[in-house]
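For reference, the structure discussed in these notes is given below.
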Amino acid sequence: MGQLRRRIAAPLVLGALVGSALSTTPASSQLSSQLPSLSADQLLAIAHVEAPPAGIGLELHIDFPAEKPLDVAGVEFNAITAVINPDRSVDMQSAVAAESATGAAEADECTDPTFAPTGRSWDAADMPVVWNFRGGSTPPENSKFFTKRSLRQAHHVWPLSESRCTNQDRVDFVYNYGGGTKRTVTYDHKNIVEFGNLSSGALAINYTWFSGTRILETDLRLNRAYSWTNRPQGRNAYQVVNVVTHELGHQLGLDDLSDPHGGLTMFGRIARGELKKTTLGSGDVRGASRLSP
Ligand SMILES: [Zn+2]
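Residue 235 in our numbering sits at position 249 of the sequence shown, with consecutive numbering throughout.
And the structure:
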């Protein structure tokens, strides 16, 4: 995919850490769409994370708010999936363009069978996945109690394949809540959820460390710079349960989907006040079932 890479010298709307070296590359997999080209250093700067240790890869799912997509040389993105390989080479795996390329009507979540595996998944020997919450990172305007409740609710959605649809598959993925933690996002064999700093306007980033096709650890960070809410009627902030349910799909090994799959939890565009990602659609459950350890 690197041969067609071209630099675009237009000014960029990006955080200072990332600088002006971002460019886009025509995507081979998505019709009339493009992938941004990011270096390992740029990705690590956006994600505020150290490079993975020798022999370990790091998959980053970076979701931007629908209201504030990433602007790379005039092309806007709602989501980017990038892989830093053990040899530090980067694969831009997918991106969700901010505007629908097809103009097709949104598919119904109960009849849309679409899912996109990342190629990495959990081993049965690693079940259950124990996760911890850094409650001390909760923004001051949010209740730690209700935030934890939203997180726990999101962690139930995938294992129980909670859905409004019928004819569901079986999902054998298991999460266990391991309590509070003071740890932050880093490769330490602990799966944590926290609020923290992210650059370039990212709303949330899911971090998956892997070896070969086996997932070793996943951490999740929500950007403290945005307004978050645990109240279903909160329309002017991002719903913790909605965003985290989507991010946990990344933890299972599912990638973002582009238009017209807006009914599904793995659709890679997240809006303020949105709650529809908290119930799984047909493709979400099929994907989770297929990836079940
Ligand atoms: Zn996503």
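We treat Cβ as the ideally placed atom computed from N, Cα and C, and that holds for glycine.
If you compare alpha carbons, which of the options is closest to residue i?
i: Arg106; options: His236, Lys262, Ala65 and Thr265; result: His236
i: Ala133; options: Arg169, Pro218, Ile256 and Asp242; result: The question names Ala, but residue 133 is Thr in the sequence shown. Comparing Cα positions, the closest option is Pro218.
i: Leu21; options: Val76, Ser129, Gly198 and Lys168; result: Val76
i: Ala274; options: Asp49, Pro99 and Gly249; result: Pro99
i: Pro103; options: Leu30, Ser80 and Val171; result: Ser80
i: Gly122; options: Gly60, Asp57, Trp195 and Val179; result: Val179
i: Arg150; options: Asp270, Val171 and Leu206; result: Asp270
i: Ile32; options: Ala40, Ala52 and Ile66; result: Ile66
i: Met78; options: Glu92, Ser185, Asp241 and Leu261; result: Asp241
i: Glu36; options: Arg74, Arg272 and Thr215; result: Arg74
i: Asp57; options: Asn216, Glu85 and Pro246; result: Glu85
Tell me whether residue i sits in a helix, a strand or coil according to DSSP, three-state version.
i: Asn192; result: strand
i: Arg138; result: helix
i: Ser268; result: helix
i: Ile42; result: coil
i: Thr231; result: helix
i: His175; result: coil
i: Thr133; result: helix
i: His236; result: helix
i: Gln28; result: helix
Can you tell me the Cβ-Cβ gap for residue i and residue j, rounded? I've got them flagged as a contact below 8 Å.
i: Val160; j: Ser147; result: 12 Å between Cβ atoms; not a contact.
i: Glu95; j: Val69; result: Not a contact, Cβ separation roughly 28 Å.
i: Ser129; j: Val230; result: Contact flag wrong, Cβ pair sits at about 16 Å.
i: Phe119; j: Gly166; result: 6 Å
i: Pro49; j: Ala188; result: Inspection of the sequence shows that residue 49 is occupied by Asp rather than by Pro. Yes, they are in contact, since the Cβ atoms of Asp49 and Ala188 sit about 7 Å apart, within 8 Å.
i: Arg255; j: Val82; result: 6 Å
Take the Cβ of residue i as the centre, count every other Cβ of all protein chains shown within 10 Å, and call the residue buried at 16 or more, exposed below.
i: His142; result: exposed
i: His175; result: exposed
i: Ser360; result: A question about residue 360 goes unanswered here, because the residues of the chain that appear run from -13 up to 279.
i: Ser278; result: buried
i: Ala110; result: exposed
i: Pro145; result: buried
Any heavy atom of ligand 2 closer than 7 Å to the beta-carbon of residue i?
i: Val271; result: Of the ligands this structure carries, namely ligand 1, none is ligand 2.
(message) Strictly closer than 6 Å from CB to any heavy atom of ligand 1: give me those residues in the order they appear in the chain.
(response) Qualifying residues come out as His47, Asp49, Ala65, His232, His236, Asp242 and Gly254.
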